[in-house]
Each structure stands twice: as C-alpha cells, then as structure tokens.
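Residue numbers for the sequence shown follow my numbering, beginning at 1 and rising by one.
Here's the structure, in structure tokens; my notes come after.
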Amino acid sequence: MNDILPGEVATWQELEAAARRVFRSYGFSEIRVPVVEKTDLFCRSIGETTDIVEKEMYTFTDKGGTSLTLRPEGTAPVMRAFIEHKLHAQDPVAKLYYMGPMFRYERPQKGRYRQFHQIGAEVIGLDDPRCDAQVLAMLDHYFAEVGIPDVQLQINSLGCPECRPAYRQALVAFLETRLDHLCDDCRRRWQQNPLRVLDCKVPGCKEATAGAPSVLDHLCGGCADHFAAVQGYLTDLGTVFAINPRMVRGLDYYTKTTFEMVTGNLGAQNAVAAGGRYDGLIRDLGGPPLPGIGFAMGVERLVLLKGSPQAVPRLDCFLATLGSEAARHAFLLMHQLQRAGLQVDTDLEGKSLKAQMRRAGKLGARFAVILGGDELAAGRAQLRNMDAGSQEEVPLDALRTRLQELLAGGEA
Ligand code: ATP
Ligand code: MG
Numbered sequence: 001m002n003d004i005l006p007g008e009v010a011t012w013q014e015l016e017a018a019a020r021r022v023f024r025s026y027g028f029s030e031i032r033v034p035v036v037e038k039t040d041l042f043c044r045s046i047g048e049t050t051d052i053v054e055k056e057m058y059t060f061t062d063k064g065g066t067s068l069t070l071r072p073e074g075t076a077p078v079m080r081a082f083i084e085h086k087l088h089a090q091d092p093v094a095k096l097y098y099m100g101p102m103f104r105y106e107r108p109q110k111g112r113y114r115q116f117h118q119i120g121a122e123v124i125g126l127d128d129p130r131c132d133a134q135v136l137a138m139l140d141h142y143f144a145e146v147g148i149p150d151v152q153l154q155i156n157s158l159g160c161p162e163c164r165p166a167y168r169q170a171l172v173a174f175l176e177t178r179l180d181h182l183c184d185d186c187r188r189r190w191q192q193n194p195l196r197v198l199d200c201k202v203p204g205c206k207e208a209t210a211g212a213p214s215v216l217d218h219l220c221g222g223c224a225d226h227f228a229a230v231q232g233y234l235t236d237l238g239t240v241f242a243i244n245p246r247m248v249r250g251l252d253y254y255t256k257t258t259f260e261m262v263t264g265n266l267g268a269q270n271a272v273a274a275g276g277r278y279d280g281l282i283r284d285l286g287g288p289p290l291p292g293i294g295f296a297m298g299v300e301r302l303v304l305l306k307g308s309p310q311a312v313p314r315l316d317c318f319l320a321t322l323g324s325e326a327a328r329h330a331f332l333l334m335h336q337l338q339r340a341g342l343q344v345d346t347d348l349e350g351k352s353l354k355a356q357m358r359r360a361g362k363l364g365a366r367f368a369v370i371l372g373g374d375e376l377a378a379g380r381a382q383l384r385n386m387d388a389g390s391q392e393e394v395p396l397d398a399l400r401t402r403l404q405e406l407l408a409g410g411e412a
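This is how it looks when you write it as structure tokens:
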C-alpha cells in the first residue's frame, strides 16, 4: 500500500481531471460508494471460484458479527447502489463513473499493489452494440487525452448463458487431453473455471493450450451478430482494435463484449484497463433485468506509463523583507494577494535577505517583492522578475495589479 507524495500527486490529479473532463463529454455522472461492502456482494458477483474471491479479499467480521470486505473492484458496489436507490425508476439508462482505492491481497510487485486505485465507468440499461463501441471509443479517447502511447485495445466476446455452456464443455474436453502439461492451479481450474486456464501466465500452460477451441467459434447467432456490429461501429468511429479470442477476464459476471487496454511497457502487468459487458449482473444482484457494460483503469499503471514529469510547482510571488516594519507589512500584503488568488509566500523565520532570496528561488517564485524600511516609507517596493533577473520599482498600492498583469501576460 503506497503513500502518494506531494511531487507525484500532480500526475494523479491530472489523470483524475482528464477522466472527469472526458467522461462528462459522454454524459457520465460521478457516483461515490463506500470502500467496504458486505462480503456476500463480491462472492455473488465476481464469482466464488475466481482468484479475487478465493484468495485476494480483505475480509473481516465487524463488531456486529457481519462479514465485510474492502472492495476489490468497483462494479459490484456501483450496481448495489444503483439497485438499492432504485436509480432505474428515475431513468433506466444510467452512465456512472467512479474513482478511488481498491484492495486485493496479492503479491506486491511493479504495477501490482494491495491498495491500488481505479477510475471506472459503467453504462446501465443499454445492450445496443453502439453502446459498447461508444464505451470503447471513450476509453481510447481518454488514453489519447492523457498522452499514453503504445497501448493496444484488444476485444473479445465471451458469449451469453445460451452459448457459453457449449463452449465451456468443448474447452473442458480439450483441457482434459492436456492435463499433464498444466500447472497445479490450472489442473484445479479445468473443471471449476476452465476459461481461466486460457489466462494463465505460466509458459507451459500457454503452450499446452495454444490449440484450444476459440470462444468466437462457439458464439450463438445473437452474440456473433452483436460482436460483429460492435466491430463495425468501432471501425466507423476510427477506434483501432485487435481481436484476442484468448482474453477471458478474471471475473465471472462478464458476457458478450470484453476488452483490455494492453501495453508492452509494464513487464508482466500488461493490462492498464479492462472491462466488459455484464448483462446478467444487475438481475443476479436482485435488481431489474437490465444490461450493463463498463471498465476500470488502474491508476498506478497509468502513472507508471505516463512517468512523473517532476516539473517543480511554481510560486507566483515571494515577499522578501528587511526589518520588522517591512515584515509586518509583508504579512498583511501576503494575505491580500492570497485572497486575490495569487500563490504567495513570505519569510516567517527572520532569515537574512540573502537567505530569503535563496528560498524564493527554491520555491520557484516567478517574482519577488523586496520590501525594506526605506521602500515602505516611500510607499514603493522593488519587484524582481526572477527568471529574467530584471527589476522595477512599483508603488505599493499598484503592486497587486502589476503582478496580476505580469503573471497573466506570461512574462515570467
Ligand atoms: P491483472 O491481470 O493485471 O491481474 P485484473 O484482470 O485482475 O488485472 P481487473 O480486475 O480487470 O484486473 O482491474 C482493472 C485494472 O485495474 C487492471 O487492468 C489494472 O490496471 C488494475 N489493477 C488490478 N489489480 C491491481 C493491483 N493489484 N495493483 C494495481 N493495479 C491493479
Ligand atoms: Mg488480477
């Protein structure tokens, strides 16, 4: 679980602000849900035999004897809130986004932490393939907006309760012939959760399942048409994608379209964002039979890909003073400038003028105001442009306007 320190936080704020900006263009509203939920919510939605539920949840019993879990993902809590507050009664179509910490007890490594953060979006109430295409186009737009290059959008279809059982059967039969080559986890999975075997990172398993039947050859007419339409709309929108028939996703609630945004720049952790359609989830959680689709992006992985520019945050103005009268006046002046929206600092430690100017430099001040007893008596101050090294004399009562003028003109 990481601390996010002041220098890195700028990148986080930028990524969050870009999400708010981009998602708003597509009509999404923010929803905020608690970080803990009843354990049962995750078991029922994500699935009992998934890695998350089997071994990654932070689960505890509270003082009232209720089993609670720190949320490992955001979709189930958002659906719980949607159902609990009957948001469908106001509007059966909802576009929601969220951001915040998630918790999974995993082995920490680059790009994988126990507390991590996701920015996610969900569309409820639409099963039209245009909706899938729009969600994917929005995800693609976000990556372009924040300037993360070298990512590839991969899509697949996992079918529906009509066609998945036959595929599952075909896959189980295939895996049975390969059992000797599979890792222990996969040998356990092949009957319980056979699709997950295709997602195993162990090289031997990848090799052994190279010729596995493809889910795309087993889609029913409805799912095949839907998937073809999604691809058609993506092409219309100019959203570039690749089809990856082995992408299965680690959560049980997915149906039809699934997708990942992958990169080669994160080592073993190649997915930066992932999601899919979950047409049965809301009904399974006790809500109306509404379809849904959504995704979550891992913020830590976005930050790793974006890199921290380490641009030193700059101060508009530092007030350097000589003598106690000037210091007293500067303290008031600082307050007035701050109330006018400028970023201002002054010396509160009684440092020498030279040390104060050094501090102004360290804080990245664009301007320094130098105020001594004589200047104060004459109602004037020296205004120094720290980047240009030039200096001008300004009447004290015109200082704020002059500073604002200079800052707005970008003359710094
Ligand atoms: P992975 O295959 O990398 O384990 P996942 O399929 O478990 O990912 P999802 O549950 O789909 O991931 O979560 C969506 C995104 O959240 C991932 O693409 C990733 O960017 C991020 N994410 C998931 N788990 C972690 C983690 N433990 N630490 C940091 N980011 C994570
Ligand atoms: Mg995982």
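C-beta atoms are modelled at their ideal positions from N, C-alpha and C, and glycine is treated no differently.
Remember, it's a predicted structure, so these values are computed and weren't measured experimentally.
Pairwise C-alpha distance: residue j and residue i
i: Leu139; j: Thr257; result: 14 Å
i: Tyr97; j: Phe23; result: 8 Å
i: Met102; j: Thr39; result: 14 Å
i: Glu176; j: Gly280; result: 29 Å
i: Asn265; j: Arg44; result: 34 Å
i: Gly111; j: Gln269; result: 6 Å
i: Thr209; j: His218; result: 17 Å
i: Cys200; j: Gly294; result: 23 Å
i: Ala377; j: Arg366; result: 26 Å
i: Glu37; j: Leu353; result: 57 Å
i: Glu122; j: Gln231; result: 20 Å
i: Gln191; j: Gly211; result: 18 Å
Any non-hydrogen atom of ligand 2 within 8 Å of residue i CB
i: Asp91; result: no
i: Gly159; result: no
i: Glu54; result: no
i: Glu392; result: no
i: Gly350; result: no
i: Asp185; result: no
For residue i, three-class secondary structure by DSSP
i: Asp217; result: helix
i: Cys160; result: coil
i: Ala408; result: helix
i: Leu68; result: strand
i: Gln391; result: strand
i: Ser464; result: Nothing about residue 464 can be read from this structure; the chain reaches only from 1 to 412.
i: His181; result: helix
i: Gln269; result: coil
i: Pro77; result: helix
i: Pro165; result: helix
Cβ-based burial, residue i [other Cβ within 10 Å; buried from 16]
i: Asn193; result: buried
i: Gly221; result: exposed
i: Val369; result: buried
i: Pro77; result: buried
i: Gly65; result: exposed
i: Lys55; result: exposed
i: Gly409; result: exposed
Contact test: residue i Cβ vs ligand 1 heavy atom, cutoff 8 Å
i: Met102; result: yes
i: Gln118; result: yes
i: Gly238; result: no
Test: residue i CB closer than 9 Å to a CB of chain C
i: Gly250; result: Absent from the structure: chain C. Only one protein chain is present.
Original post:
When the Cβ atoms of the segment 311-324 are set against those of the segment 354-363, are three or more pairs found closer than 8 Å?
Top reply: yes
Subject >> Stretch pair the segment 9-21 + the segment 140-159: three plus CB contacts closer than 8 Å >> reply: yes
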